[in-house]
Amino acid sequence: MRVVELQLRNYRNYAACALAPCKGVTVLLGDNGQGKTNLLEAVYLTCTGRSHRTRQDRELVRWGAEAADVQIRAERRDGSHEVEIQLPLAGRRRILIAGQEVSRSGELMGHVTGVLFSPEDLRTVKDGPAERRRFVDMALAQLRPAYYYAMQRYNRALRQRNELLRAAAVNPSLLATLDSWDEQLAASGAELMRQRRAYVARLSRAAGETHRDIAGGREVLSVAYRPNVDADGDDARACMEALFAAREGDVRRMTTSVGPHRDDVALLVDGRDVRAFGSQGQQRTAALSMRLAELGVMREELGEWPVLMLDDVMSELDPGRRCRLLERLEGIQTLVTCTDPDDLAGAQPGAVYRVSGAEIHPL
Ligand SMILES: Nc1ncnc2c1ncn2[C@@H]1O[C@H](COP(=O)(O)OP(=O)(O)OP(=O)(O)O)[C@@H](O)[C@H]1O
Ligand SMILES: [Mg+2]
Numbered sequence: 020m021r022v023v024e025l026q027l028r029n030y031r032n033y034a035a036c037a038l039a040p041c042k043g044v045t046v047l048l049g050d051n052g053q054g055k056t057n058l059l060e061a062v063y064l065t066c067t068g069r070s071h072r073t074r075q076d077r078e079l080v081r082w083g084a085e086a087a088d089v090q091i092r093a094e095r096r097d098g099s100h101e102v103e104i105q106l107p108l109a110g111r112r113r114i115l116i117a118g119q120e121v122s123r124s125g126e127l128m129g130h131v132t133g134v135l136f137s138p139e140d141l142r143t144v145k146d147g148p149a150e151r152r153r154f155v156d157m158a159l160a161q162l163r164p165a166y167y168y169a170m171q172r173y174n175r176a177l178r179q180r181n182e183l184l185r186a187a188a189v190n191p192s193l194l195a196t197l198d199s200w201d202e203q204l205a206a207s208g209a210e211l212m213r214q215r216r217a218y219v220a221r222l223s224r225a226a227g228e229t230h231r232d233i234a235g236g237r238e239v240l241s242v243a244y245r246p247n248v249d250a251d252g253d254d255a256r257a258c259m260e261a262l263f264a265a266r267e268g269d270v271r272r273m274t275t276s277v278g279p280h281r282d283d284v285a286l287l288v289d290g291r292d293v294r295a296f297g298s299q300g301q302q303r304t305a306a307l308s309m310r311l312a313e314l315g316v317m318r319e320e321l322g323e324w325p326v327l328m329l330d331d332v333m334s335e336l337d338p339g340r341r342c343r344l345l346e347r348l349e350g351i352q353t354l355v356t357c358t359d360p361d362d363l364a365g366a367q368p369g370a371v372y373r374v375s376g377a378e379i380h381p382l
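First residue of the sequence shown? That's 20 in this note's numbering, and the numbers climb one at a time after it.
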């Protein structure tokens, strides 16, 4: 897959801007705060419907403007794909595919596919389970709209079950309807568990391979699914039983304490939790390996490379790791940001742009 053109209007610090990335590596070079990450964020938004930095659409709208607009065109093996996202300050966002508005946000998935590595990714390694769930959820949602819809069903059922638990504190007779919410949670939850388990197994294989390569063969990285509800075989039944067993406590605490919304994914270097035992550099490399593994699994699944975006990655790696990373980019359309041209020593970019004050100029 290849991004042919990106157009922004009133997006972040850009009043208007167009970028036509080249086939290979496109470098976005510029000082801090000029708008490099904003460009990657906009591309990522068209892939996933989300910014990697905020959940608030209004933050994406240029200060003083009424609405932001992102348009992108990508060439895939099956033809040209056009996506447009309109983000008004007032009212709901609109998504257009090939100029036609779509009603379900899940319809966005699969048109432009991309993987973004950013400094925030270190949180996947360092922070709590929510960050790792998000990693897996977003990766799977891009691959399979069905996963995205299962996630929506699960989250809706979870919200409603929690509302019910709160309302039941005042009116206990409401608890009679709890069974039906448990069933819905268990059904969609089992779907999430099944797909997460399979995906994490593939991710682990790919991450092991990537990490060995980038770390120069010194470390073995693996990824393991740690479901909140332990099941061998029937996930839905295991969820039902766990919900039932937790019910008394859930009613007391007015929240749902078990289920895939509490899943975790462990990252292990040489069998040990990177979060607890990894050095700073090992954690960084593990985070990068995870993204490259995501990229590899997408390639396997989709039969073509997604666009790869690397934000501020070069300055963080030692020269050996940087060099081995660049070697892997052969044949993959890549957008790389950096502040110092020296960071690119050894790379052969197809195009270099200077990003300055929300303007982009070829160098
Ligand atoms: N909604 C907005 N409207 C206008 N400007 C914004 C908005 N949101 C962020 N900005 C501006 O965008 C700039 C940040 O852009 P960006 O994060 O892309 O910088 P960068 O080039 O990646 O810098 P760094 O090298 O520090 O990572 C900041 O100057 C910020 O003030
Ligand atoms: Mg940046």
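C-beta atoms are modelled at their ideal positions from N, C-alpha and C, and glycine is treated no differently.
So what does residue i bridge to, in DSSP terms?
i	result
Pro-107	Ala-86
Val-248	None, per the DSSP bridge assignment.
Tyr-372	Leu-47, Pro-381
Glu-101	Arg-92
Ile-351	None; Ile-351 has no bridge partner.
Cys-357	Leu-48
Arg-291	Val-288
Leu-344	Leu-344 is not bridged to any residue.
Distance, Cα to Cα, residue i vs residue j?
i	j	result
Arg-28	Asp-283	38 Å
Leu-25	Cys-357	19 Å
Phe-154	Leu-307	12 Å
Gln-203	Gly-376	50 Å
Gly-52	Glu-78	15 Å
Thr-353	Leu-329	7 Å
Asn-57	Arg-303	22 Å
Arg-373	Pro-381	6 Å
Glu-85	Val-131	26 Å
Ala-295	Gly-147	11 Å
Leu-327	Phe-136	8 Å
Arg-151	Val-144	8 Å
Gly-350	Cys-258	43 Å
Gln-367	Glu-319	26 Å
Leu-287	Ala-364	31 Å
Arg-185	Arg-272	9 Å
Let me check you understand the geometry: is the CB of residue i closer than 8 Å to at least one non-hydrogen atom of ligand 2?
i	result
Asn-32	no
Thr-353	no
Asp-362	no
Thr-56	yes
Asp-140	no
Asp-359	no
Thr-73	no
Asp-50	no
Thr-45	no
Thr-65	no
Thr-356	yes
Could you spell out the range, first to last residue, of the alpha helix (DSSP H) harbouring residue i?
i	result
Asn-174	164 to 187
Met-273	From DSSP, Met-273 is part of no alpha helix (DSSP H); its letter is neither H nor E.
Gln-119	Segment 119 to 121 is the beta strand (DSSP E) holding Gln-119; no alpha helix (DSSP H) there.
Arg-224	197 to 233
Met-328	Element bounds for Met-328: not the alpha helix (DSSP H) but the beta strand (DSSP E), 326 to 329.
Val-144	141 to 145
Ser-308	299 to 321
Taking the beta strand (DSSP E) that residue i belongs to, which residues open and close that run?
i	result
Gln-26	21 to 30
Cys-36	33 to 38
Ala-285	283 to 288
Arg-113	113 to 116
Val-134	133 to 136
Let me check understanding here. Comparing Cα to Cα, which of the options lies closest to residue i?
i	options	result
Ser-124	Thr-196, Leu-177, Gln-171	Gln-171
Ser-276	Glu-139, Val-293, Ala-61, Phe-263	Phe-263
Gln-9	Arg-180, Cys-36, Arg-237, Arg-216	There is no way to answer for residue 9, as the model of the chain reaches only from 20 to 382.
Ala-176	Ala-206, Ala-188, Ala-187	Ala-206
Pro-360	Leu-345, Asn-190, Ser-334, Thr-132	Ser-334
Trp-82	Ser-122, Arg-96, His-71, Tyr-33	Tyr-33
Arg-31	Val-23, Ala-39, Gly-54	Gly-54
Arg-237	Asp-289, Ala-295, Tyr-173, Ala-220	Asp-289
Thr-65	Val-189, Ile-114, Leu-38	Ile-114
Gly-133	Tyr-218, Met-259, Arg-95	Arg-95
Ala-265	Arg-163, Asn-247, Ala-220	Asn-247
Ala-109	Ala-87, Asp-156, Ala-117	Ala-87
Gly-129	Leu-194, Glu-228, Tyr-166, Arg-151	Tyr-166
Glu-126	His-100, Pro-138, Pro-107	His-100
Can you determine whether any heavy atom of ligand 1 sits closer than 8 Å to the C-beta of residue i, and answer yes or no?
i	result
Gly-110	no
Asn-247	no
Gln-53	yes
Leu-79	yes
Glu-60	yes
Val-332	no
Val-89	no
Val-374	yes
Trp-82	yes
Examine chain B for any beta-carbon lying closer than 9 Å to the beta-carbon of residue i, and answer yes or no.
i	result
Asp-289	The chain inventory of the structure shown lacks chain B, comprising one protein chain alone.
Answer yes or no: the CB of residue i versus the heavy atoms of ligand 3, is any distance below 8 Å?
i	result
Gly-125	Annotation note on ligand 3: not contained in the displayed structure, which lists ligand 1 and ligand 2 as its ligands.
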